[in-house]
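Heads up, the sequence shown is in this note's numbering, so the first residue is -6 and it goes up one at a time.
The beta carbon of each residue, even a glycine, is placed where N, CA and C say it ideally should be.
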Amino acid sequence: MAFVKRLTFESNDLGIDVDLLLTFDDQPIADLYKKYYPSAFAVRKFGAEGTFRADVMYRSQLAFSKVVISHDVIQSASTEVPINVGQSTNLTQQDGVYHFSDPITDSTVPKKNIQCTNNAPFKEDIGVGFIEKKGDAPKTTLVWRGVGHGQKLNAEFTPVLRGYIGTNYQENSLIKGQVETDRLFEENLAALDDHTTWVITYDPPTGVLSINSK
């Protein structure tokens, strides 16, 4: 059964305007930033004055999606399918309509992976993400660009969420290289309580920003 995690980030009279980028850019699969890219999963703004709060939700129900990318930003998913570890699905296209087959348990899928075979006639952009609520469109966290016809995409997703500041990324944009600004947050969501609160603070004398559990 899928588990759900809720994270609340908050600040109070922070003293500086901050954009917090949250992304799943710590993955065990090779070729990160070459064949696939993490998305700017969430971008939250915290002002210098006043109280700010922002919630982020994660649900462990994975999904494949046929994503539409424009200017390195995920615009939409034309179709998607929920899938569990150890299962495989096929992407097809007929008369311009994309479709994922019903996932099946497949002994050829590598351990801890989900698998999608692109049986559409052309190269396709395929996303991996999760479904926050049953019936909702998936929230895409990783995107494979240009998956070729007949190619099998094996994906192992690790729910390690990282937080960075000062990146200027737009939410749902693709992160094309390692984020070089300060990383303030890193947690394996599977190990957290169902609801956790994280406080953002700023120390003016040192210029240090921090995120700590409340």
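Start and end of the beta strand (DSSP E) containing residue i?
i	result
F178	R176 to N181
F123	E117 to F123
Q163	It is not in any beta strand (DSSP E) - Q163 carries neither H nor E in the DSSP assignment.
P152	Here P152 belongs to no beta strand (DSSP E), and DSSP marks it neither H nor E.
Q108	I107 to N111
Name the one or two DSSP bridge partners that residue i has.
i	result
I62	I67
G200	The partner list for G200 (beta bridge, DSSP) is empty, contrary to what the question assumes.
F17	None; F17 has no bridge partner.
H92	T85
S4	F45
P75	A56
K38	D12
Q80	T98
Y30	V136
Let me confirm a value: residue i is counted as buried when at least 16 other C-beta atoms fall within 10 Å, else exposed. Which label applies?
i	result
K59	buried
Q108	buried
N165	buried
S206	exposed
F115	exposed
Q163	exposed
D18	buried
A148	buried
K68	Note that residue 68 corresponds to Gln in the displayed sequence, not to Lys. The residue is exposed, with fewer than 16 neighbouring Cβ atoms inside 10 Å.
K(-2)	buried
I124	buried
Q171	exposed
Could you have a look at residue i and say whether DSSP puts it in helix, strand or coil?
i	result
A56	strand
A130	coil
Y(-5)	Reading off the sequence shown, one finds Ala at residue -5, where the question assumed Tyr. Correct three-state label for A(-5): coil.
A184	helix
Q144	coil
I193	strand
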